[in-house]
Amino acid sequence: MNYIDSSLKVVGTRPIRPDGVDKVTGRAVFAADTRASGMLWGKVLRSPHAHARIVSIDTTKAAALKGVFAVVSGVDFPEIASEEAFVGEGPMNFRDLSLNCMARDKVLYEGHALAAVAASTQAIADEALALIEVTYEVLPHVIDVEDAMAPGAPVLHADMFTSGVSPKPEKPSNIAKVVTFKKGDVEAGFKEADVIVEGSYTTQPVHQAYIEPHACLASYAPDGQVQIHTSTQGHFMVRAYTAKLLGISMSNIRVNPAEIGGGFGGKTLVYLEPVAVTLSRKSGRSVKMQMTREDVFRASGPTSGAAMTVKIGAKKDGTIVAAQQVLKFQAGAFPGSPIGPGCMCGFAMYDLPNVDVVGYDVVSNRPKVAAYRAPGAPITSFAVESLMDELAIKLGIDALTLREMNAAKNGTKTHYGPVHQNIGFTAVLDAVKSHPHWKSPLKEGHGRGLATGFWFNIGGESSAQVHVNEDGTVTAATGSPDIGGSRASIGMMVAEVLGVPATAVRTIVADTASIGFTFLTGGSRVTFATGMAATQAAEKVVEDLKRRAAQTWDIPVEAVEWKDGMAYPAGSNAGAFEPLDLAALALKAGRTGGPILAEVSVNAQGAGPGFGAHICDVSVDKETGHVKIERYTAIQDVGKAIHPSYVEGQIQGGAAQGIGWALSEEYIYNTKGQMENAGFLDYRVPVASDMPMIEAVLVEVPNPRHPFGARGVGEVPIIPPMAAIANAIRSATGLRMPDLPMSPPKIRAALDAAG
Amino acid sequence: MPTVVLSSGSAVQQFTAGQTEFEVEATTFRRLILELERRFPGLGKQVEESMAIAIDGEIFQDAYSAELKPGSEIYLIPKIGGG
Amino acid sequence: MAKTYVSATINGESAEFLCETQQTLLDVLRDVIGLTGSKEGCGSGDCGACSVIVDDRLVCSCLMLGVEAEGKSITTIEGIANGDTLHPIQQKFLEYAALQCGFCTPGLIVATKALLDENPNPTETEARYWLAGNLCRCTGYDKVIRAVMDVAADMRGETVA
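Chains as they are written, first to last, in the working numbering: chain R, 121 to 875; chain H, 286 to 368; chain Z, 947 to 1107.
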C-alpha cells in the first residue's frame, strides 16, 4: 500500500523515541558495558612502524606471564584466498580484511595489529604486550597519495597490478585501479565553451570520530558455538566476516548488536571480533576487547584523502558544455577507497552534455579507509562546487542562478548512466531562493557561500517482524542496528499502519539468530528499506486481524474494515457488532489461529536519491586566520520526514561533521610515517563553542517507491559544507582555499601570500 | 537487442579488450550474465559479484527480477554502499 | 598488588570499595562498582563522556584516580533521576531529540546539571563554552543547546519562545 497522499496520524509527528529513557539514564548497554563469567581482557600489539617486514615474533615471555591465558599472532589465523565479495559497504577482499585484522609478513601502517593477548586484567594484558619480542626490517614508506603514485615510490603489495588499464601493467604499483566515466565528447564540448575554469584541490583523510571506541565481547565454547556482543553497524556483516576469516560456519556464530555509540560508516568492517574469537578459542574463556582512542585513530579507517583537478567549460550565458575531473583517492594500506562513488557524485547535480571523469584508487602506508557518510561524495563535491563558484564569479552570474540553469531534473541522464527520476533538486534550489538566509543582506565583513550535494541512497536486504503481544501491545523487531533513532521511525510506520499511537509499539533490534538477514545500517537505507519491510509486516498483521475479526463475527473478511486500531463491520449490511481492538483480538488469538505476527523480508529497490544545498556565512579573523561560522542553513529533500526531529538531527550532525572536515580535522604524520595527533585534543572535531545553530530545512518531494515517500537522509548533509565554507571564505576575503582543512595557519599563509 | 554500456572502466574493460558498447541477446538479467560471461570470460562473474547495473535509467543492486526489453540500455556501474 | 580501601558517597549512598592505585575513578565506577552509565570515549579527558560531579565540581572521571574519591560525594548519570521520575534535563533531552546514538548523552546530562547548579541562567554562549568539553559527533549540538536553554528556563520557572 502507499500512504503518500493519506492523512497520517503518527508519521510526521515527534514522539519520544522508544530507547530514549535508557539513553538519558545510563541504562543503555553499549558493547564495552557487557561482561561475561570468567571474562578475560584482550589487547592488541600494534606496529610502531609505517612499513616493515616482520622478521620474527617471539611470544614466549608474554605467554609465560602469570595471568596471561592466550597469545596470538598471524600464525593463528587461517590463510585466506584473495576473493572479493560485496558483504559490507563496498567490494571487500577477504584476504585484505584478514591481513588488516592481523598482519602476517609485513606491517603496512603504524598501528597495524600483529599480535594480541588475553589476560585476567587489563594491567597484565598491557604488561604481556610489552614482553612480546618483535624483530622488524623497516622498509621505506609513503603516506601521501601523489607520492604513492610517483615512479619509484615504495610498493606496498608486490602482487598488486593496476586493474582497469590495458594492456595489464608489467610492474606492480600502488595504484590498485583506474576508473573512467565518459559521456558525450568532452573535447568537442570544451571547444564550444566561451569560458573555461580549472582548479586543483586536496582534501585530508578525516576520521568518523564516533565517540564510542570499537569494543566487543566474544565467547568460543568447546562445542564450537560462538557468541559475539559488539558495536557495529551490521551484526550480520560481523557474522559473515568472522565466519569467513576464521573458517567457522555461520550457524555457529551468533552476533548480538549492542547499542552503538556512533559509526557514520566507520563500523562497517571488523577489527577486533575475529581477534577476540581467536583469543577466546585459544584461552577457553570469554574475551572482551576495546580500542583506546589512540587505537581508533591509528588503526581504524578514516575516509580517503584526495588530490583532484577539475575543469569546467561554459557558454557566456552560463550553460555548461563540458566538465572534466581527475580524482586520486588514497585508500590506506589496502585497495578500496570510495573512488567509484567519487567519480559518480561530483557532477550528478547537473545536466551536462559532455563529461569525462578518471579516478585512481591508491594504497599508501596509512590505515585502511572505511566508509564515512556518502563515501567519496564530499571529497569530489568540494572540488566541483568550489570550481562552480569560480565559474559563477568569472561569468558574473549569481551562484544560485548558475546552479539553477544547469540543475539536474527528472529525466536528466547522469554521466554514469542512470536517469534521474522523481528527484527534488529543483525544489531544494527553490527553497534556497526563498529562504530568509539567502535573501538577507550580508553583514559587514562576512562572506556567504552556497554549495550543493547529491547522494544515491540505497535500499537492499532487510527483515522485519511485527508481533501483537497477548495484551494487544505491539513489538516490532528488525535486523537494523539503530544508530540515530531508526527504532523510532520504524515503530512509527508500524503504528501508522496498525492505527495505534507510536507509544503502543516497542521496536527492538534482533540478533543474527532471531531475525532474517538484514544488510548493515549505512547508505541511508534503514528508514527506506527496513521501514518498507516493517510496513509490509504491519500490513500483513492488519490483514490477519481483519480475518480474525471476520471469524469472530462470522462474516466475510471483505465486510471487515480496519480503522484507528480496531476492526469494524464495514457498513450496516455487515452486521451490528462492537468494534474489536487489538487487545480484544489478541485475547482471543488462541481461538482464531494462534499467535499474531508477521515477518517480511525484502530486497528494497528504488531508493530515491537525495539532494541538498547549504548556505553558510562566515567571518575571517585576519589576525589569527580563524574562520567563524556566523550562520548556517542546510536545505534538503528528505522525501517524507517520518520523525522530523531525527531527520533534522541527521542534517545538523552531518553539517557539523562537514564543518570539522572543512576547518580543523586532519592527520598529522611525522617523517617516520607515525601519526602525531592520535587524540581528541589534537585531532580537532567541532565542539559546542565552535558551532552556531544549524537551521535544517526539510523539503519533502515524496519518493514514490517507499510506502510513506521516505528517502535516505543521513548521507547528503556532509557533502556540501566544505565547498559552502570555502565559497564563503572566498566571498569574505577574495581567497580561494583549495586545500583542506582551511585551518588558521593555512588561512594566515594565504592572507600573507595575497599581501 | 538490449545495449550494454560499460560506463565504468573499473576492472571491466579488461574483459572486453577495450570495447565499451555492444548489444547482447538477453531478456532477463540472468541471461545477460550468462551471455556476458560467454562472450567475455570473467565479465559475467565480475558483474554478478561486484557491480550494480542500471537498466533504462534505474539502478538495480540486485536485478534478477528486472526485465530487459529490446532497445533497453544497460549500464554497468560500481555497486554503491554508504556510511 | 595491594588494593586500597576507599569510602565515598556515590549518588547519595555510602559506598566502600577496594581499588588498585593506578585505577581511574572511571574504571572503578564501571568495573568495580558496576555503574556503566559513565562512558570511556578517550581516556584522556578530551571527550567528556565520563563526566561526573565530585563535591559540586564537574570532573572527567578518567582523569581522577579511584583512591582520590576517598571521602568525596560523587554524582554519576545513574544518580540524576529521582527514582522513576526523570530529571527535567533528561526529560528535555528526550523532548528535543537532543541525542542520536546516546553514547555522549550521560556525560552531557551530567555536565548540564553541573552548569545549571552553578549558573541557572546561562547565555547560549556560556552554555556552549561550558559544554565544549563534551564531544558529540551525532547532533551538531543544535538540539542539545536548545534543550539546555529550555530546561534552564523551565527550572527558573520561565518559558522561552
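Note that the Cβ used here is the ideal one computed from N, Cα and C, for glycine as well.
None of these values were measured; they are calculated from a predicted model.
Between the region 485-501 of chain R and the region 316-332 of chain R, the count of C-beta pairs closer than 8 Å reaches three or more; the two stretches touch. Among the residues of the region 324-344 of chain H, those with a Cβ less than 8 Å away from any Cβ of chain R are Glu-334, Ser-335, Ala-339, Asp-341, Gly-342, Glu-343 and Ile-344, in the order of the chain.
Close partners of Pro-1068 (chain Z) in chain R (Cβ separation under 7 Å) are lacking, with about 12 Å as the shortest Cβ gap. Of all alpha-carbon atoms in R:Gly-382, R:Gln-541 and R:Asp-314, the one lying nearest the alpha-carbon of Thr-439 (chain R) is that of R:Asp-314. Using a Cβ-Cβ cut-off of 9 Å, Phe-467 (chain R) does not count as an interface residue toward chain H, since no Cβ of chain H sits closer than that to its own. Contact check for Lys-792 (chain R) against Glu-230 (chain R) passes: the beta carbons are separated by less than 9 Å. Three or more beta-carbon pairs drawn from the region 968-980 of chain Z and the region 992-1011 of chain Z are found closer than 8 Å, and the two stretches are therefore classed as touching. Residue ranges of uninterrupted beta strand (DSSP E) with 3 or more members, entirely inside the region 314-356 of chain H and ordered along the chain, are 336-340 and 343-345. Sequence-distant Cβ neighbours of Asn-823 (chain R) in its own chain, meaning closer than 7 Å and more than five residues away, are Asn-542, Gly-728, Gly-759, Gly-829, Ala-830 and Arg-831. Residues of chain H whose Cβ lies closer than 7 Å to the Cβ of Arg-493 (chain R) are, in chain order, Gly-368.
Shown here for Thr-305 (chain H): same chain residues with a beta carbon closer than 6 Å to its own, the five before and five after excluded, namely Leu-291 in chain order. The Cβ neighbour count for Pro-135 (chain R), taken over all protein chains shown within 10 Å, is at least 16; the residue is labelled buried. Using beta-carbon distances, Phe-1049 (chain Z) counts as an interface residue toward chain R, with a partner under 9 Å.
When the beta-carbon positions are compared, Gln-1046 (chain Z) and Gly-773 (chain R) come within less than 9 Å of each other. Using a Cβ-Cβ distance cut-off of 8 Å, the region 507-523 of chain R and the region 479-487 of chain R are not in contact, since fewer than three pairs of beta carbons, one from each stretch, lie closer than that value.
Assignment of beta strand (DSSP E) within the region 188-261 of chain R, counting only whole runs of 3 or more residues, yields 188-193, 233-239 and 253-258 in chain order. For Met-336 (chain H), the CB contacts under 7 Å within the same chain, skipping 5 residues up- and downstream, are Leu-361, Ile-362, Pro-363 and Lys-364 in chain order. Just measuring C-alpha positions, the residue of R:Met-121, R:Ser-167, R:Arg-568 and R:Val-617 sitting nearest Pro-487 (chain R) is R:Ser-167. Per DSSP, Gln-770 (chain R) is one residue of the alpha helix (DSSP H) stretching across 764-783. Contact between the region 618-625 of chain R and the region 536-556 of chain R is absent, with fewer than three C-beta pairs closer than 8 Å. When 7 Å is used as the limit between beta carbons, Val-805 (chain R) is near these residues of chain Z: Leu-1081 and Arg-1083, in chain order. Residues of the region 305-338 of chain R that bring their beta carbon within less than 8 Å of a beta carbon in chain Z comprise Gln-328, Ala-329, Tyr-330, Ile-331, Glu-332 and Pro-333, in sequence order. For the region 745-756 of chain R, there are no residues whose beta carbon sits under 7 Å from a beta carbon of chain H.
The C-alpha of Val-258 (chain R) lies about 6 Å from the C-alpha of Arg-173 (chain R). The contact set of Ile-578 (chain R) on chain H, defined by CB atoms closer than 8 Å, consists of Gln-346, Ile-365, Gly-366 and Gly-367 in chain order. Following the DSSP letters along the chain, one finds Ile-513 (chain R) inside the alpha helix (DSSP H) bounded by residues 497-515.
For the options Z:Ala-961, Z:Pro-1066, Z:Gly-1086 and Z:Ser-960, the alpha carbon positioned closest to that of Gly-780 (chain R) is the one of Z:Gly-1086. Boundaries around Gln-585 (chain R) are those of the beta strand (DSSP E), 580-588, since no alpha helix (DSSP H) includes it.
For the region 723-739 of chain R, the set of positions with a beta-carbon nearer than 8 Å to some beta-carbon of chain H reads Asn-723, Gln-725 and Gly-726 in chain order.
Look at Lys-129 (chain R) here: in three-state DSSP terms it is coil, with no helix or strand label. Per DSSP, reduced to three states, the secondary structure at Ile-459 (chain R) is helical.
Taking a C-beta cut-off of 7 Å against chain Z, the contacting residues of the region 359-382 of chain R are Glu-379, Ile-380, Gly-381 and Gly-382, listed in chain order. Here DSSP, grouped into helix, strand and coil, assigns Ala-724 (chain R) to strand. For chain R, the residues of the region 975-996 of chain Z that bring a beta carbon within less than 8 Å of one of its beta carbons are Arg-976, Leu-981, Thr-982, Gly-983, Ser-984, Lys-985, Glu-986, Gly-987, Cys-988, Gly-989, Ser-990, Asp-992, Cys-993 and Ala-995, in chain order. Contact annotation for Tyr-766 (chain R) against chain H: no contact, minimum CB-CB distance about 16 Å [criterion: below 8 Å].
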